[in-house]
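This report refers to the structure that appears directly beneath it.
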Amino acid sequence: MRIIMFIVFFLLVGAFFIISENNIQMNNTENFKSFFSVYTSWLFEIFDNTKELTGYFIRMEWLPEK
40 MRIIMFIVFF LLVGAFFIIS ENNIQMNNTE NFKSFFSVYT SWLFEIFDNT KELTGYFIRM
100 EWLPEK
């Protein structure tokens with residue numbers, strides 16, 4: 040339950056950060072489309088970075104040298 044709450048909190052804070060940094064007012068459809076575009080690109084960047092980090096950690100040599 041805590042993990043889900045953390046993820047929701049993280050996504051909401053990210054949304055508020057995007058809205059405030061881009062001065063987007065969510066009062067019309069055009070601004071909402073702009074927000075949705077920036078928000079989805081931000082989510083894809085997070086996914087790509089997570090994928091890259093996971094690949095890096097998988098390729099690391101975790102056993103000590105003898």
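So the mapping is simple: this note's numbering equals the position in the sequence shown, first residue as 1, plus 39.
Glycine included, every Cβ here is placed at the ideal spot set by N, Cα and C.
In this text the structure is predicted, and so the values were computed from the model without any measurement.
Following the DSSP letters along the chain, one finds residue 51 inside the alpha helix (DSSP H) bounded by residues 41-60. Nearest in C-alpha terms to residue 73, of all of 54, 90 and 87, is 54. Secondary structure note for residue 90: its alpha helix (DSSP H) is the uninterrupted segment 68-98. If you draw a straight line from the Cα of residue 80 to the Cα of residue 105, it comes to about 45 angstroms.
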